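The structure under discussion appears below in the form of structure tokens.
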Amino acid sequence: MARVLVVEDDPFVRSALIRHLTDAAHAVRSVGTALEALREVAHQGFDLVILDLGLPDLDGAEALKMLRGLSDVPVIVATARDEESEIVRLLNDGADDYLVKPFSAPHLSARMTAVLRRSRPGTTELPHLIEVGGLCIDPQRRKAELDGVPLELTRREFDLLTFLAGRPGVVVPRRELLAEVWQQSYGDDQTIDVHLSWLRRKLGESAARPRYLHTLRGVGVKLEAPVAQAGAGGVLPGPTA
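Under numbering that gives the first Met the number 0, the first residue of the sequence shown is numbered 0, with each subsequent residue one higher.
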């Protein structure tokens with residue numbers, strides 16, 4: 000059972016969604032406007048939000064950005080917009096998945112199951128700590144520090160950082176990142192680039208001056224400890240065995 004917030008202004012669609020989700024043993028709350036949705040997310044704990052884009056008070060895409068400022072709760076966007084550029088933009092803005100209307104109840108259930116499976120801790124045993132240079136990541140507690148300072152990461156940023164840090168020095172193809180971090184076989188490089196940009200900012204680096212995150216154009220991305228810089232009269236450390 001999941002706690003689901005349905006954000007849908009069409010009373011017929013809303014009623015059908017509530018009936019289906021309730022029959023599937025989920026706990027459901029529903030609202031018809033973006034502002035009500037933001038208020039609910041700010042004060043209630045949900046496992047999943049189903050967000051319609053055609054809301055009367057605020058476009059759902061803008062509501063998604065505002066929601067992401069409040070919470071990392073997984074969001075499935077329900078939209079009649081099927082243009083690839085629009086879908087990519089929604090994924091970049093923080094949507095975890097999308098459904099193009101009209102969709103069937105089994106299709107919705109399958110998408111919900113996949114999103115909830117990714118967002119909830121799995122049964123696979125995770126390493127206690129991952130340390131790369133000044134980075135220290137605790138996958139079980141979902142906490143990360145850089146040089147002893149806690150990092151404020153979104154759920155997706157944390158997953159991306161943990162996946163790369165678990166393979167230090169290994170160049171990971173973008174297709175593998177989409178499959179393993181986003182659980183998608185379909186996507187755009189821009190999705191990865193946006194999250195890498197946010198992650199770099201929080202690590203105190205940039206694409207032009209990388210420390211931990213390195214992009215190899217046309218190949219993939221790798222994370223490795225920064226190379227020590229020689230000080231005055233100092234020498235760079237040699238290779239270790």
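Heads up, the beta-carbon is just placed ideally off N, CA and C, and yes, glycines get one too. Here the structure is a predicted model, which means the values were calculated and not measured.
Can you grab the Cα-Cα spacing for the pair residue i / residue j, in whole Å?
i: GLU82; j: GLY53; result: 15 Å
i: LEU66; j: GLU7; result: 15 Å
i: GLY68; j: LEU34; result: 14 Å
i: ASP137; j: VAL3; result: 28 Å
i: ASP71; j: THR153; result: 6 Å
i: LEU128; j: VAL27; result: 36 Å
i: LYS100; j: GLY203; result: 41 Å
i: ASP46; j: ASP146; result: 32 Å
i: VAL12; j: ALA41; result: 24 Å
i: LYS201; j: VAL148; result: 11 Å
i: GLU93; j: LEU63; result: The amino acid at residue 93 is misidentified as Glu; the sequence shows Gly. Each residue's Cα considered, the two are about 7 Å apart.
i: ALA79; j: LEU215; result: 36 Å
i: ALA24; j: ALA206; result: 46 Å
i: TYR97; j: VAL76; result: 4 Å
i: ALA15; j: ALA109; result: 17 Å
i: LEU107; j: GLY219; result: 32 Å
i: VAL158; j: PRO10; result: The displayed chain sequence assigns Asp, not Val, to residue 158. Those two C-alpha atoms are separated by around 36 Å.
i: ARG38; j: GLU85; result: 26 Å
i: ALA104; j: MET0; result: 16 Å
i: GLY44; j: ALA36; result: 12 Å
i: ARG173; j: ARG140; result: 26 Å
Residue i by DSSP, collapsed to three states: which one?
i: ARG140; result: coil
i: THR21; result: helix
i: GLU223; result: coil
i: ASP192; result: helix
i: ALA26; result: strand
i: HIS42; result: helix
i: ASP51; result: strand
i: VAL171; result: strand
i: ARG216; result: coil
i: VAL3; result: strand
i: ASP158; result: helix
i: ALA87; result: Checking the sequence, you will find Val at residue 87 rather than Ala. In this structure, VAL87 counts as helix in the three-state DSSP scheme.
i: VAL12; result: helix
i: ALA77; result: strand
i: THR123; result: Here THR123 scores only 48 on pLDDT, less than 50, and its place in the model should not be relied on; the value that follows carries that caveat. Correct three-state label for THR123: coil.
i: THR112; result: helix
i: ALA164; result: helix
i: GLY59; result: helix
i: ALA206; result: coil
i: ASP68; result: It is Gly, not Asp, that sits at residue 68 in the sequence shown. GLY68 falls in the helix class under three-state DSSP.
i: GLU82; result: coil
Can you name, in chain order, every residue of its own chain whose Cβ lies under 6 Å from the Cβ of residue i, other than the five neighbours on each side?
i: THR190; result: LEU90 and ASN91
i: ASP95; result: PRO73, VAL74 and VAL114
i: HIS213; result: LYS221
i: PRO225; result: GLY132 and ARG210
i: ASP22; result: none
i: ASP176; result: The question names Asp, yet the displayed sequence has Leu at residue 176. Closer than 6 Å at Cβ, skipping near neighbours: ILE191.
i: SER29; result: VAL5, ARG13 and ILE17
i: ARG208; result: none
i: LEU150; result: ALA143 and LYS201
According to DSSP, residue i sits in a beta bridge with which residue or residues?
i: PRO149; result: GLU144
i: TYR211; result: Partner(s): none; TYR211 has no beta bridge.
i: LEU134; result: VAL131 and LEU145
i: LEU98; result: ALA77
Apart from the five residues just before and just after residue i, which ones in its own chain have a Cβ nearer than 7 Å to its Cβ?
i: GLY168; result: LYS221 and GLU223
i: ARG18; result: none
i: ALA164; result: ILE129, VAL131, LEU134, ILE136 and LEU222
i: ARG117; result: GLN182
i: LEU160; result: ILE136, ALA143, LEU152 and LEU198
i: VAL171; result: LEU163, GLY219, VAL220 and LYS221
Residues in the same chain with beta-carbon distance under 8 Å from residue i, minus the five sequence neighbours each way, listed in chain order, please.
i: PRO55; result: ASP8, GLY31 and THR32
i: ARG88; result: ALA60
i: TRP197; result: THR153 and GLU156
i: VAL193; result: ASN91
At a threshold of 7 Å, does residue i count as lining the ligand ZN (C-beta to nearest heavy atom)?
i: PRO167; result: The ligand ZN is not part of the structure shown, which contains no ligands of any sort.
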